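**Student:**
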Amino acid sequence: MIRRLLALVLVAWAFGFLWFAVALPQPAGDQRTDAIVVPTGSGGRISHGLDLLREGRARRLLVTGVDAHVKPGEFAAHYRVAQPLLDCCVTLGFAALDTRGNARETAEWVRAGQVGSIRLVTSDWHMRRAALELSGTLPAEIAVLRDAVRTEPTLWMLFIEYHKLIAAWLVQAWRGL
């Protein structure tokens with residue numbers, strides 16, 4: 002009986018990993034949202050978020066998880082953000098250290114700014130876990146548009162992220178009990 006249960010768990014894990022690795026989330030369309038949220042991390046996320054802001058797809062942008070040593074002027078120079086755009090529309094969040102912290106920082110920012118919808122911009126391999134963590138912190142009425150930045154993750158990166166997703170899901174399930 003235990004062998005069958007372990008075999009079933011192993012098969013479910015393998016099919017889950019296959020789905021996770023093959024069906025990575027995709028970029029979103031042209032929809033508008035109230036705000037854009039970009040967790041720091043792999044390349045392309047922040048640039049994509051800023052491009053969307055410049056195109057008028059949202060009024061504001063939160064970059065969450067910014068290193069405490071980064072100064073707004075350095076950020077603006079590195080990403081070529083004009084000072085008026087930085088002043089009016091870009092918030093650098095320094096409180097988050099990980100994906101769960103990004104979700105908490107985002108939820109606080111959303112509540113303070115009276116945001117009704119956000120576009121979450123993150124890497125394709127990171128999207129599911131980032132969205133899961135956000136769903137546990139944001140009010141249910143906040144719409145989240147997932148906008149994945151395409152990457153070429155290694156098999157090892159996918160393996161690690163798949164297990165982080167399982168762990169995050171288990172934590173949320175445990176909290177829901």
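Sequential numbering of the sequence shown, starting at 2, is according to our numbering.
Each residue gets a CB set at the ideal place from its N, CA and C atoms; glycine is no exception.
In this text, all values refer to a predicted model and were calculated from it rather than measured experimentally.
Nearest CA to the CA of Ala97: which residue from Val71, Ala77, Gly66?
**Tutor:** Gly66
**Student:** Are the segment 152-167 and the segment 57-75 in contact at 8 Å, needing three or more beta carbon pairs?
**Tutor:** no
**Student:** Can you check which of these residues, Val71, Gln115, Thr107, is closest to Ala132 by C-alpha distance?
**Tutor:** Thr107
**Student:** Please give the ranges of any beta strand (DSSP E) in the segment 21-96, keeping only runs that are unbroken, at least 3 residues long and fully inside the region.
**Tutor:** Restricting attention to beta strand (DSSP E) runs no shorter than 3 residues, the segment 21-96 encloses them at 36-40, 61-65, 91-94, ordered along the chain.
**Student:** Leaving out five residues on either side along the sequence, give the residues of the same chain with a beta carbon under 6 Å from the beta carbon of Leu53.
**Tutor:** Ile37
**Student:** Do the CB positions of Ala144 and Thr123 come within less than 8 Å of each other?
**Tutor:** no
**Student:** For a test of the three-state rule: what should DSSP assign to Arg9, helix, strand or coil?
**Tutor:** A small fix is needed here, since residue 9 is Leu in this sequence, not Arg. Here Leu9 sits in helix by DSSP.
**Student:** Which same chain residues end up closer than 6 Å to Ile119 when comparing Cβ atoms and leaving out the 5 residues on each side of it in sequence?
**Tutor:** Thr34, Ala36, Val38, Val145
**Student:** Report yes if the CB atom of Leu139 is closer than 8 Å to the CB atom of Val111, and no otherwise.
**Tutor:** yes
**Student:** Could you check which residue in Ile167, Gln32, Asp88 has the C-alpha nearest to that of Ala13?
**Tutor:** When only C-alpha atoms are compared, the closest one is Ile167.
**Student:** Could you have a look at Ala141 and say whether DSSP puts it in helix, strand or coil?
**Tutor:** coil
**Student:** Please report how far the alpha carbon of Met158 lies from the alpha carbon of Ala24, in whole angstroms.
**Tutor:** Between Met158 and Ala24, the C-alpha separation is close to 15 Å.
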